[in-house]
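Line by line, the protein sequences are chains F and G. Position one of the first sequence corresponds to residue 10 (the numbering used here), numbered consecutively onward. Position one of the second sequence corresponds to residue 10 (the numbering used here), numbered consecutively onward. Every residue, glycine too, gets a C-beta built ideally from N, C-alpha and C.
Number of protein chains: 2
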Amino acid sequence: MRDIKIGLIGLGTVGTGVAKTLTHNHELLCQRLGFGISIKKVAVANLNKKREVEFAEGVLTSDIDAVINDPEIEIIVELVGGIEPAKSITLKALKAGKHVVTANKALLAEQGREIFDAAQSCGRDLYFEGAVGGGIPIIKTLREALVANNFAFVYGIMNGTCNYILTQMSENGTNFEATLKAAMELGYAEADPALDIDGIDAAHKLAIIASLAYGVAPDMSAIHIEGIRGLDVSDIQFASELGYKVKLLCMAIGRDDKVEVRVQPTLIPHGYLLAKVDDVFNAFYVKGDIVGPSMYYGRGAGMLPTASAVVSDICDVARNINAGVAGRIPHLGYRKDQAERKRYMPIEEIVTNYYLRLNVQDKPGVMARITGILGERNISILSMIQKSGNIDGFVPIVMLTHEAKEADLQAALDEMAALDAIKSRPVLLRVEDRNLKEQHS
Amino acid sequence: MRDIKIGLIGLGTVGTGVAKTLTHNHELLCQRLGFGISIKKVAVANLNKKREVEFAEGVLTSDIDAVINDPEIEIIVELVGGIEPAKSITLKALKAGKHVVTANKALLAEQGREIFDAAQSCGRDLYFEGAVGGGIPIIKTLREALVANNFAFVYGIMNGTCNYILTQMSENGTNFEATLKAAMELGYAEADPALDIDGIDAAHKLAIIASLAYGVAPDMSAIHIEGIRGLDVSDIQFASELGYKVKLLCMAIGRDDKVEVRVQPTLIPHGYLLAKVDDVFNAFYVKGDIVGPSMYYGRGAGMLPTASAVVSDICDVARNINAGVAGRIPHLGYRKDQAERKRYMPIEEIVTNYYLRLNVQDKPGVMARITGILGERNISILSMIQKSGNIDGFVPIVMLTHEAKEADLQAALDEMAALDAIKSRPVLLRVEDRNLKEQHS
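Here it is as structure tokens:
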């Protein structure tokens, strides 16, 4: 039986998961593939560190080039993460004629154009299922299974740490800081949680998803990013009273010749399936013109779920090698000369529903002033909560608006913030309602 | 730009959807594939019928062989349905050197071995995503995306008609017959609903899923099938009181060297994601040893959702043709010489939790007799509902059991049915609880 040899660069959490999976399910993979896959070399920074997996003598090396240049190795699995040295490793591997499998979302989101161009000009496969959604096969689904569809939108809960924190805040009524601290103690948040809670990790994933769905190049600068840092638990509670859950939602929406891309804490109606995705789980809610609404749910991170995706990629590339083909499917789902005809939409132009919370002085005329500011910009109110009782003369007022333009909302907030009768700039969250309705129709 | 020519056999609902999709999204497909796909011929029974799609002169024909034998046509899309003439058409197409795409679940479930053997010996691709789950890409997911996994189980809500009827019965408290009648009037059930409500359609799909997951040959005779015909609405209501929804659940479960396959109305805890899949929607809940729990949700039937799956298959095969390969992936996910090492488990051997409803005489000693019958067979009671008040001296008693063996339950029911104190054989439903818990851990 043929044996296809691979080299791993990096043996952290995901690398260890990949090695475990290939070892533990080796026989199963042979039964399914008709050939074997074996790890010939693994490059690690520290040869003496104790590892969860055992390798035969000579497999572990500290020499990355020895892995890339091994003539028997046909696939390089880059699991270093971050931009450098991952970028140099990937480019060197492609130039050495190797196919590459990676789970590096930061690299693909920030330098994707250069990486994919290199893969294209070298005529090599570059697979990256592990970069988005952990074990959920969203890349294969968008690129292959739903190939017949124009996408109305792809929505995702793409960051498990944020979803865990929001679920805990919602269920226990704890504030953001305390919930984050507890999540860190349980290992659900990193020691430096900024990449997660500020929405950067989610945006990396969204950049890749938008590319696949709409044929645009990944572009972090096009994404409007708001994280969950400092989100007030009272907003989660008001949202709940109004019938919504708050999720860090990643949105790629097709708007004629434009693509709208946003990562924002967003209100989603309680009854919708996406609102029921809790804890560290991820999900993608995809609407295509042919398939209609569909959802994909699972573990979005972790040693083994991500390994499931990476090994699936290794098998796909190995099947191509075994069949003697490469480039069977364009890396980003579109032929390069055909793609990039859509442009990203500036945030000011988006139109959606909004949630507003204002702390206003409890005295006559204030509400008239506020509703006047909204009315002048054609922003109409859908529903409102005002509780009795005030703190230091201020009361919270919560409003949901009908659809309005972001630029108009921001201008209204600027004007409100300047009023003495309002205590600081109002809290603004987006509400996603309209696009999710179809799941019940 | 290269143009790959296909022939459709059959232009019913799905065939029309495929033609519409290929026409309407032709440019999109060219952008993604780098080549075109066009329908050269379509075989129909009646040339004069009015159609929703228009074809150029000479495309429609009543001569099936003219489609199969057209030397320019490389892919035959069989959308006739049923066993014959679909089987002969498929075999003839394979022997004529054509690749085949089909959505024919009955044919693959009942005669799959012969069909797949023929595809194998002809060295042709045979794709069938449209046969299971409508637009949900469950075939590709099991065969490719989750290739690294041993499957603990695959659960599915695979029949939209049944799920619609059960949802309506649950929400409105209507009985089975009235709900079925309303579903027929709305077009959610066929004029002859037997295939759906008796669980045959769901079992066809399960036979294919079990094959893909476990490498066994599709075998309808191995599946224990109970439909929803005559399901009593009171059981849905009692289940709800106990915290469960009733779904027609299709189950393929790996049990060491055996595979357990069942289609049964099943109680699922309210809080679980699978219990929230309502109306005509389908979903698959898959647990793998590497990926953990995952779920795939969407429209399980209909013109366009099924067309999304069929066109995805056409594109996959066309990509193989364009790359000059065939047989890149084994039809049923395992190399034929490696598969079929597991056996199907007889229904008597299954172990699960049960729901029992008995109509018992309202007099002393009866409960002692019943619990005695259960106790003798080591069937222990987890919880019980007995309402006050009786009808003609009989009262309903509902019980949930701990895990027990099906053979023991059936023997206990036989003994109970013979008692004068019990009014007819008790109602027995299965409860699925244990295997779904992981989604919350």
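Buried or exposed: which applies to residue i, given that a residue is buried once 16 or more other Cβ atoms fall within 10 Å of its Cβ?
| i | result |
| --- | --- |
| Pro451 (chain G) | Only positions 10 to 450 of chain G appear in the structure, and residue 451 (chain G) is not among them; the question remains open. |
| Gly142 (chain F) | buried |
| Ala427 (chain F) | exposed |
| His35 (chain F) | exposed |
| Lys149 (chain G) | buried |
| His411 (chain G) | exposed |
| Gly374 (chain G) | exposed |
| Asp266 (chain G) | exposed |
| Asn57 (chain G) | exposed |
| Glu87 (chain F) | buried |
| Gly463 (chain G) | Residue 463 (chain G) is absent from the structure shown; chain G starts at 10 and stops at 450. |
| Met10 (chain F) | exposed |
| Arg434 (chain F) | exposed |
| Glu269 (chain F) | buried |
| Thr32 (chain F) | exposed |
| Glu119 (chain G) | buried |
| Ala140 (chain G) | buried |
| Asp429 (chain G) | exposed |
| Gly402 (chain G) | exposed |
Do residue i and residue j have their C-beta atoms within less than 8 angstroms of each other?
| i | j | result |
| --- | --- | --- |
| Ala192 (chain F) | Ile217 (chain F) | no |
| Ala200 (chain F) | Val163 (chain F) | no |
| His213 (chain F) | Lys114 (chain F) | yes |
| Val255 (chain G) | Tyr197 (chain G) | no |
| Lys101 (chain G) | Leu116 (chain G) | no |
| Val225 (chain F) | Lys351 (chain F) | yes |
| Arg443 (chain G) | Asp417 (chain G) | no |
| Ser392 (chain G) | Ile145 (chain F) | no |
| Lys29 (chain G) | Val62 (chain G) | yes |
| Ile124 (chain G) | Thr99 (chain G) | yes |
| Asn362 (chain F) | Val272 (chain F) | no |
| Thr380 (chain F) | Ile390 (chain F) | yes |
| Ile400 (chain F) | Leu367 (chain F) | no |
| Leu276 (chain F) | Tyr306 (chain F) | no |
| Ala421 (chain G) | Gly263 (chain G) | no |
| Glu17 (chain F) | Ile48 (chain F) | Here the sequence assigns Leu to residue 17 (chain F), which means Glu is not the residue at that position. Yes. |
| Gly26 (chain F) | Thr315 (chain F) | yes |
| Leu409 (chain F) | Tyr364 (chain F) | yes |
| Ile147 (chain F) | Arg328 (chain G) | no |
| Pro202 (chain G) | Leu189 (chain G) | yes |
| Leu38 (chain G) | Asn159 (chain F) | no |
Can you list, in chain order, the residues of its chain with a C-beta nearer than 7 angstroms to that of residue i? Leave out the 5 residues immediately preceding and following it.
| i | result |
| --- | --- |
| His449 (chain F) | Residue placement at His449 (chain F) cannot be trusted, given a pLDDT of 42 that sits under 50; what the coordinates show is reported in the next sentence. Around His449 (chain F): no qualifying Cβ. |
| Asn78 (chain G) | Ala105 |
| Gln370 (chain F) | Gly402, Phe403 and Ala430 |
Whose C-beta lies closer than 8 angstroms to the C-beta of residue i among residues of the same chain, with five residues either side of it excluded?
| i | result |
| --- | --- |
| Ile330 (chain F) | Ile13, Glu83, Ile84 and His108 |
| Gly132 (chain G) | Ala335 and Gly336 |
| Phe64 (chain F) | Ala28, Ile48 and Val51 |
| Thr111 (chain F) | Val86, Glu87, Leu88, Ala95, Thr99, Leu117, Leu135, Tyr136, Phe137, Gly139 and Ala140 |
To which residues of the same chain is residue i closer than 6 angstroms at the C-beta, ignoring the five residues directly before and after it?
| i | result |
| --- | --- |
| Leu20 (chain F) | Val51 and Val53 |
| Gly342 (chain G) | Arg152 and Leu221 |
| Ala157 (chain F) | Ile299 |
| Ala127 (chain G) | Leu100 and Leu103 |
| Gln40 (chain G) | none |
| Asp287 (chain F) | Thr176 |
| Thr22 (chain G) | Met312 |
Ordered list of beta strand (DSSP E) runs contained in the region 365 to 410 of chain F, each at least 3 residues: Listed in chain order, the complete beta strand (DSSP E) runs (minimum 3 residues) inside the region 365 to 410 of chain F are 390 to 395 and 403 to 410.
For the structure I just gave you, are there three or more beta carbon pairs, one from the region 241 to 249 of chain F and one from the region 257 to 272 of chain F, closer than 8 angstroms? no
On the three-pair Cβ rule with 8 angstroms, is the region 291 to 309 of chain G touching the region 267 to 283 of chain G? The region 291 to 309 of chain G vs the region 267 to 283 of chain G: in contact.
Enumerate, from N- to C-terminal direction, the unbroken beta strand (DSSP E) stretches of 3 or more residues contained entirely within the region 186 to 271 of chain G. 253 to 264
Is the number of C-beta pairs between the region 153 to 170 of chain F and the region 179 to 188 of chain F that are closer than 8 angstroms three or more? no
List in chain order: all unbroken beta strand (DSSP E) runs of 3+ residues lying wholly within the region 37 to 112 of chain F. 45 to 52, 82 to 87 and 108 to 111
Of all the beta strand (DSSP E) runs that stay within the bounds of the region 296 to 328 of chain G, which reach a length of 3 or more residues? 301 to 308
Whether or not the region 297 to 304 of chain G and the region 313 to 324 of chain F are in contact is what I'm after, with contact meaning three or more pairs of Cβ atoms, one per stretch, closer than 8 angstroms; do they touch? yes
Chain A contacts from the region 149 to 181 of chain F (Cβ-Cβ distance under 9 angstroms): No chain A appears in the structure shown, which is made up of the protein chains F and G.
Which parts of the region 155 to 181 of chain F are runs of the beta strand (DSSP E), unbroken and 3 residues or longer, counting only runs that do not cross its ends? 160 to 166
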